[in-house]
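For reference, each letter of the sequence shown is one residue, going 0 to 214 in numbering that gives the first Met the number 0.
Working notes, beginning with the structure itself.
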Amino acid sequence: MELPGAKRLGDDRRPLGTLRCWRHSDIGPARGIVVTPALKEWSAAVHALLDGRQTVLLRKGGIGEKRFEVAAHEFLLFPTVAHSHAERVRPEHRDLLGPAAADSTDECVLLRAAAKVVAALPVNRPEGLDAIEDLHIWTAESVRADRLDFRPKHKLAVLVVCAIPLAEPVRLARRPEYGGCTSWVQLPLTPQLAEPVHDEAALAEVAARVREAVG
Numbered sequence: 000m001e002l003p004g005a006k007r008l009g010d011d012r013r014p015l016g017t018l019r020c021w022r023h024s025d026i027g028p029a030r031g032i033v034v035t036p037a038l039k040e041w042s043a044a045v046h047a048l049l050d051g052r053q054t055v056l057l058r059k060g061g062i063g064e065k066r067f068e069v070a071a072h073e074f075l076l077f078p079t080v081a082h083s084h085a086e087r088v089r090p091e092h093r094d095l096l097g098p099a100a101a102d103s104t105d106e107c108v109l110l111r112a113a114a115k116v117v118a119a120l121p122v123n124r125p126e127g128l129d130a131i132e133d134l135h136i137w138t139a140e141s142v143r144a145d146r147l148d149f150r151p152k153h154k155l156a157v158l159v160v161c162a163i164p165l166a167e168p169v170r171l172a173r174r175p176e177y178g179g180c181t182s183w184v185q186l187p188l189t190p191q192l193a194e195p196v197h198d199e200a201a202l203a204e205v206a207a208r209v210r211e212a213v214g
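Here you go:
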């Protein structure tokens, strides 16, 4: 489903320099290498964001984290894949699973998108999540088991995001530091961006709707 205000992708491109970047000198021993934060997200969800059928991410943090934190408001999307993802995606969106699987293999990952956080909203009323089901691709069972019931003492967050395709996909060799049960990784690249999938007005409406449903 496309929201009103969705844009067709054009030829206009802008540098990822508008995203907040870190140097390895801030996070590791390799000085002088410019890196960009990336959020790990299911590859099928990345495809759904780019396709215009998803505008939110549901996050609670990885096992290696005390809680999920929005470490950057603009970031790349690092695709992840697991065999169990197929049963966690609603049937009408399972056409995304094949293309998504090819973007995250044992040898490499293919980066297709960046995102900007429009709103980060805590889920104070979990019963309202059903009302925003059409804003993502996951089954109700997956939302409950993988997010609400996972680490129940921690509050679930809904991120309303503006998806931005990369001007050209970037293939990266998989490295050990990209693994682990954490939400964020730092990537040594600053690719060019194309135009956002949705405009600001459409995403403001999504944020208002999420706030009314679960805030």
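Glycine residues also receive a C-beta, built at the ideal position from the N, C-alpha and C atoms.
If you're wondering where the values come from, they're calculated on a predicted model, not measured in any experiment.
Exposure label - residue i; buried when at least 16 CB within 10 Å
{"i": "Glu91", "result": "exposed"}
{"i": "Thr54", "result": "buried"}
{"i": "Arg124", "result": "exposed"}
{"i": "Arg52", "result": "buried"}
{"i": "Glu73", "result": "buried"}
{"i": "Phe149", "result": "exposed"}
{"i": "Lys152", "result": "exposed"}
{"i": "Ala207", "result": "exposed"}
{"i": "Glu40", "result": "buried"}
{"i": "Pro175", "result": "exposed"}
CB-CB length for residue i against residue j, believed under 8 Å
{"i": "Val169", "j": "Tyr177", "result": "Not a contact, Cβ separation roughly 14 Å."}
{"i": "Val209", "j": "Val157", "result": "5 Å"}
{"i": "Leu75", "j": "Leu110", "result": "6 Å"}
{"i": "Leu165", "j": "Leu192", "result": "6 Å"}
Reference residue i; option with closest CA among the options
{"i": "Leu155", "options": "Glu40, Pro36, Leu57", "result": "Leu57"}
{"i": "Lys59", "options": "Asp198, Cys107, Ala203, Leu120", "result": "Leu120"}
{"i": "Thr218", "options": "Glu140, Ala130, Lys115, Thr181", "result": "Given that the chain is displayed from residue 0 to residue 214, the structure contains no residue 218 and the question cannot be resolved."}
{"i": "Ala81", "options": "Ser42, His135, Leu202", "result": "Ser42"}
{"i": "Glu194", "options": "Ile163, Ala85, Val108", "result": "Ile163"}
Simplified DSSP assignment, three categories, for residue i
{"i": "His128", "result": "Note on identity: in this sequence residue 128 is Leu, with His being the wrong assignment. Helix at Leu128."}
{"i": "Ala114", "result": "strand"}
{"i": "Val205", "result": "helix"}
{"i": "Val69", "result": "coil"}
{"i": "Pro190", "result": "coil"}
{"i": "His92", "result": "helix"}
{"i": "Val80", "result": "coil"}
{"i": "Arg30", "result": "Residue placement at Arg30 is poorly supported in this model, since its pLDDT is 42, which falls under 50; the coordinates are not used for a value here."}
{"i": "His42", "result": "Just to set this straight, residue 42 is Ser in the shown sequence, not His. Of the three classes helix, strand and coil, the one that applies to Ser42 here is helix, per DSSP."}
Beta carbon of residue i nearer than 9 Å to that of residue j
{"i": "Val116", "j": "Val69", "result": "yes"}
{"i": "Ala213", "j": "Ile136", "result": "In the sequence on display, residue 213 carries Val and not Ala. Contact flag unset, no."}
{"i": "Glu167", "j": "Pro187", "result": "no"}
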